[in-house]
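In the working numbering, the protein residues as written are 73 to 392. Glycine included, each C-beta is placed from N, C-alpha and C at the ideal position. Because the structure is a prediction, the values reported are computed rather than measured. First up is the structure itself, then whatever we jot down about it.
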Amino acid sequence: MAAPMELSCWSGGWGLPSVHPESLIVMAYARFAGAPVKVNATDNPWKAPTGKLPALISEDTVITQPTGILSFLRKKKYNADYELSAKQGADTLAYIALLEEKLHPALLHTFWVDAENYCNVTRSWFASKIPFPLNLYLPGKMSRAALNRILLTKGASPFYSLIEVEAQIYRDAKECLNLLSHRLGNSQFFFENKPTSLDAFVFGFLAPLYKASLPSAQLQQHIKQLPNLCDFCDNILSAYFTSDASNGRQPSQQSSTRTSEADCFEAERQKQRKQFLVTLITLTACAAYLFTSGFLSVELQDDHIPEKGIAGQEESISGH
73 MAAPMELSCW
83 SGGWGLPSVH
93 PESLIVMAYA
103 RFAGAPVKVN
113 ATDNPWKAPT
123 GKLPALISED
133 TVITQPTGIL
143 SFLRKKKYNA
153 DYELSAKQGA
163 DTLAYIALLE
173 EKLHPALLHT
183 FWVDAENYCN
193 VTRSWFASKI
203 PFPLNLYLPG
213 KMSRAALNRI
223 LLTKGASPFY
233 SLIEVEAQIY
243 RDAKECLNLL
253 SHRLGNSQFF
263 FENKPTSLDA
273 FVFGFLAPLY
283 KASLPSAQLQ
293 QHIKQLPNLC
303 DFCDNILSAY
313 FTSDASNGRQ
323 PSQQSSTRTS
333 EADCFEAERQ
343 KQRKQFLVTL
353 ITLTACAAYL
363 FTSGFLSVEL
373 QDDHIPEKGI
383 AGQEESISGH
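Next comes the structure, spelled out in structure tokens:
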């Protein structure tokens, strides 16, 4: 009997089984390969054994990062790429490298660096899911990490300003999307009629861009001009994630979506305030008990103050 496998990942939203691209990649590949993976949506990286999501746990083994998790599943005989030829395998590696180099920086910028998207969509969603008080810190940390990664990979010469970097990463992303659309053509998947690891990576990167309600949406608008990529995402959701996507389904009207999100966020803020007050009252009560019981004491001691003031000091100086 195969050892049970559990995937800790970010939960769903925006009509997706997970809003997190890396989590989506692993979830999709596990479905494609038929791997018996139990999904545990924690929304708390600190509960994961390595402090990172997604994380696959199998007995005493913990694997993070999509490439490592997919490699582990292949070793366990859950291989969605089993029927690929050597050339198709090489093409898969080349396209995944293209996604990481050309599309991933724009994906990070869209959700974590673009101020309008970050404030109105990304931060509000993650702050409402991550438990208090971690939600006060972690979204900002993730935003800074995304910006640092973009600057590390794209901030070298000849691009010296963030504006130049932004313009270039969006040009690269649109070029990558065009290449993916051309490669997919009228097919359901990238290699014949069966999804592979390439389909998992493309789905993981595209689905959040395609499904999220983004106020700053230049990349989303470009995706929607490529209908075969939109159909690609919709087909995978309907074929492999019907029940999962329904858990994160959005209301049909955008206004009701925003109202619901705002209500949830306000409720979470009220909950945080109550938790903070309870903690403060508890600490105050503990401190009062320690003082009254004699466990803690404060000794007040007057500092030695010279009798001579400033004038006296001046007289001493003049006397010398």
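Beta carbon of TRP86 nearer than 9 Å to that of THR114: The sequence position of residue 86 within the sequence shown is 14, counting from 1. The sequence position of residue 114 within the sequence shown is 42, counting from 1. Result no, Cβ atoms of TRP86 and THR114 do not sit closer than 9 Å.
Kindly indicate which residue of LYS124, THR194, ILE295 has the alpha-carbon position closest to the one of LYS246. Taking the sequence shown and counting its residues from 1, one reaches residue 246 at position 174. Considering only alpha carbons, the answer is ILE295.
Just how far apart, CA to CA, sit SER288 and GLU131? What you label residue 288 is simply residue 216 of the sequence shown in a count that begins at 1. What you label residue 131 is simply residue 59 of the sequence shown in a count that begins at 1. So the alpha carbons of these two residues sit roughly 43 Å apart.
Could you check if ASN189 is buried or exposed, using at least 16 other CB atoms within 10 Å of its CB as the buried criterion? Numbered from 1 along the sequence shown, position 117 holds the residue referred to as residue 189. Flag for ASN189 reads buried.
In whole angstroms, what separates the C-alpha of TYR150 from that of CYS191? Numbered from 1 along the sequence shown, position 78 holds the residue referred to as residue 150. Numbered from 1 along the sequence shown, position 119 holds the residue referred to as residue 191. Answer to the nearest angstrom: the Cα atoms are 39 Å apart.
Between VAL91 and MET99, is the Cβ-Cβ spacing less than 9 Å? Counting from one through the sequence shown, the residue named residue 91 turns up at place 19. Counting from one through the sequence shown, the residue named residue 99 turns up at place 27. Contact flag unset, no.
Taking all protein chains shown into account, decide if GLN293 is buried (16 or more other Cβ within 10 angstroms of its Cβ) or exposed. One-based indexing of the sequence shown puts residue 293 at position 221. Exposed is the call here.
Would you grab the beta carbon distance between LEU88 and LEU79 for me? Rounded to a whole angstrom, and I think it's under 8 Å. Stepping through the sequence shown from its first residue, residue 88 is reached at position 16. Stepping through the sequence shown from its first residue, residue 79 is reached at position 7. Going by Cβ atoms, the distance from LEU88 to LEU79 rounds to 15 Å, so no, they are not a contact pair.
Identity of the residue in PHE262, LEU206, GLN240 nearest LYS119 by Cα: Taking the first residue of the sequence shown as 1, we reach residue 119 at position 47. LYS119 has its Cα closest to that of LEU206, out of PHE262, LEU206, GLN240.
Assuming contact is defined by CB atoms lying nearer than 9 Å, are PHE263 and ASP271 in contact in what I supplied? Numbered from 1 along the sequence shown, position 191 holds the residue referred to as residue 263. Numbered from 1 along the sequence shown, position 199 holds the residue referred to as residue 271. Against a cut-off of 9 Å, the Cβ pair of ASP271 and PHE263 comes out as a contact.
Alpha helix (DSSP H) segment containing GLU236, residue limits: Translated into positions along the sequence shown, residue 236 becomes position 164. Residues 234-256.
With a cut-off of 8 Å on the beta carbons, I'd call ILE129 and PHE273 a contact; round off their distance for me. Taking the sequence shown and counting its residues from 1, the one referred to as residue 129 is at position 57. Taking the sequence shown and counting its residues from 1, the one referred to as residue 273 is at position 201. Contact doesn't hold; Cβ gap of about 22 Å is too wide.
Alpha-carbon spacing of CYS305 relative to LEU234, whole angstroms: Taking the sequence shown and counting its residues from 1, the one referred to as residue 305 is at position 233. Taking the sequence shown and counting its residues from 1, the one referred to as residue 234 is at position 162. If I take the Cα positions, the gap works out to 31 Å.
Could you give the DSSP three-state label for THR268: helix, strand or coil? Along the sequence shown, read from residue 1 onward, the residue named residue 268 stands at position 196. Note: THR268 maps to coil in three-state DSSP.
Can you tell which of VAL193, ASN250, ASP163, HIS176 has its C-alpha closest to the C-alpha of GLU238? For the purposes of this step, residue 238 is identified with residue 166 of the sequence shown, where counting begins at 1. Of VAL193, ASN250, ASP163, HIS176, the residue nearest in Cα terms is HIS176.
Can you find the residues in the same chain that come closer than 8 Å, C-beta to C-beta, to VAL193, ignoring five residues on each side of it along the sequence? Translated into the one-based positions of the sequence shown, residue 193 becomes position 121. PHE183, ALA284, SER285, LEU286, PRO287.
Buried or exposed, going by whether 16 or more other CB atoms sit within 10 Å of the CB of LEU309? Here residue 309 refers to the residue found at position 237 when the sequence shown is read from its first residue. Looking at its Cβ environment, which holds 16 or more other Cβ atoms inside 10 Å, LEU309 is buried.
GLN199 bridges to which residues according to DSSP? Position 127 of the sequence shown, counted from the first residue, corresponds to residue 199. Per the sequence shown, residue 199 should be read as Ala rather than Gln. For ALA199, which the question treats as bridged, DSSP gives no partner whatsoever.
Do ILE141 and PRO126 have their C-beta atoms closer together than 9 Å? Here residue 141 is taken as the residue at index 69 of the sequence shown, counted from 1. Here residue 126 is taken as the residue at index 54 of the sequence shown, counted from 1. Cβ distance < 9 Å, so ILE141 and PRO126 count as in contact.
Pair within 9 Å by beta-carbon distance, ALA152 and LYS266: On the sequence shown, residue 152 is found 80 positions in, with the first residue counted as 1. On the sequence shown, residue 266 is found 194 positions in, with the first residue counted as 1. Result yes, Cβ atoms of ALA152 and LYS266 sit closer than 9 Å.
Cβ shell of ASP163 (< 6 Å), same chain only, five flanking positions each side left out: The count along the sequence shown starts at 1 and reaches residue 163 at position 91. No residues qualify anywhere along the chain.
If we call anything under 9 Å between Cβ atoms a contact, is LEU281 one with LEU179? Counting from 1 along the sequence shown, the entry for residue 281 is found at position 209. Counting from 1 along the sequence shown, the entry for residue 179 is found at position 107. Going by C-beta atoms, LEU281 is nearer than 9 Å to LEU179.
In chain order, which continuous runs of the alpha helix (DSSP H) of length 4 or greater are located wholly inside the segment 119-194? 138-147, 158-170, 176-180
Alpha carbon to alpha carbon, how far is PHE204 from GLN260? Give it in angstroms, no decimals. By one-based count along the sequence shown, residue 260 stands at place 188. By one-based count along the sequence shown, residue 204 stands at place 132. C-alpha separation (whole angstroms): 42 Å.
Give me the Cα-Cα distance between ALA403 and PRO138, rounded to the nearest whole angstrom. It is not possible to answer for residue 403, since the shown part of the chain is limited to 73 through 392.
Cutting at 7 Å between CB atoms, please list the residues of its own chain near PRO93, excluding the five before and the five after it. The residue given as residue 93 occupies position 21 in the sequence shown. The answer, listed in chain order, is LEU179, GLY276, PHE277, PRO280.
Quick one: measure Cβ to Cβ for THR268 and LEU145, integer angstroms, because I've assumed they're closer than 8 Å. As a working note, residue 268 is residue 196 in the sequence shown. As a working note, residue 145 is residue 73 in the sequence shown. That pair is no contact at about 13 Å.
Take HIS181 and list the residues in its own chain whose beta-carbon comes closer than 7 Å to its own, dropping the five residues that flank it on each side. Here the question's residue 181 lines up with position 109 in the sequence shown. The answer, listed in chain order, is ILE222, GLU238, ILE241.
When we look at the beta-carbon of ARG243 and count the other beta-carbons within 10 Å, is it buried (16 or more) or exposed? The count along the sequence shown starts at 1 and reaches residue 243 at position 171. So ARG243 ends up on the exposed side.
C-beta contact flag for LEU291 and LEU252 at 9 Å: Counted from its first residue, the sequence shown places residue 291 at position 219. Counted from its first residue, the sequence shown places residue 252 at position 180. No, the pair does not count as a contact, with Cβ atoms beyond the cut-off.
Could you give the residue range of the alpha helix (DSSP H) that holds ALA289? Mapped onto the sequence shown, residue 289 falls at position 217. Where ALA289 is concerned, there is no enclosing alpha helix (DSSP H), given that its DSSP letter is neither H nor E.
Let me confirm a value: THR122 is counted as buried when at least 16 other C-beta atoms fall within 10 Å, else exposed. Which label applies? In the sequence shown, counting from the first residue as 1, residue 122 sits at position 50. That one is exposed.
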